[in-house]
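**Student:**
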């Protein structure tokens, strides 16, 4: 791992520790994985996706916790609140450190 990548991982870990919620990710094969997610509410626009529905949220999850990019109809459930989010779109903004999806 390069120095840059190591610093990115450390920086992301700090952000997820402060802002993240413990959650469970369930894929289409109904396999569950514990992870930490960041849920961005009150999303009006995202990149080239104008007029995002008011029920839509942006979910960010580290690739180190959910290795495969989340797909449509896969589910995140926040452990503490029980809120459930179903993936409606995977974003190309995902990179080698973090997946980003739109969910309802």
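Numbering (the numbering used here), first residue to last: 8 to 111.
From the three backbone atoms N, C-alpha and C, an ideal C-beta is built for every residue, glycine too.
Everything numeric in this text was worked out from a predicted model, so none of it was measured.
Classify residue 78: buried if its beta carbon has 16 or more other beta carbons within 10 angstroms, exposed otherwise.
**Tutor:** For residue 78, the number of other beta carbons within 10 angstroms of its own is below 16, and it is reported as exposed.
**Student:** Going by C-alpha to C-alpha distance, which of 38, 16, 47 sits closest to residue 92?
**Tutor:** 47
**Student:** Classify residue 38: buried if its beta carbon has 16 or more other beta carbons within 10 angstroms, exposed otherwise.
**Tutor:** exposed
**Student:** So what does DSSP say about residue 62, is it helix, strand or coil?
**Tutor:** coil
**Student:** For residue 57, collect the residues of the same chain with a Cβ closer than 6 Å to its Cβ; drop the 5 residues on either side in sequence, then sort them by chain order.
**Tutor:** Because the pLDDT of residue 57 is 49, which lies under 50, any placement of that residue in the model is unreliable, and the number read from its coordinates should be weighed accordingly. Around residue 57: no qualifying Cβ.
**Student:** Run the CB neighbour count on residue 110, radius 10 Å, all protein chains shown included, and call it buried at 16 or more, exposed below.
**Tutor:** buried
**Student:** Buried or exposed: which applies to residue 8, given that a residue is buried once 16 or more other Cβ atoms fall within 10 Å of its Cβ?
**Tutor:** exposed
**Student:** Let's test the definition: count the other Cβ atoms within 10 Å of the Cβ of residue 105 and tell me whether it reaches 16, buried, or not, exposed.
**Tutor:** buried
**Student:** What would DSSP say about residue 20, mapped onto helix, strand or coil?
**Tutor:** Helix, per DSSP.
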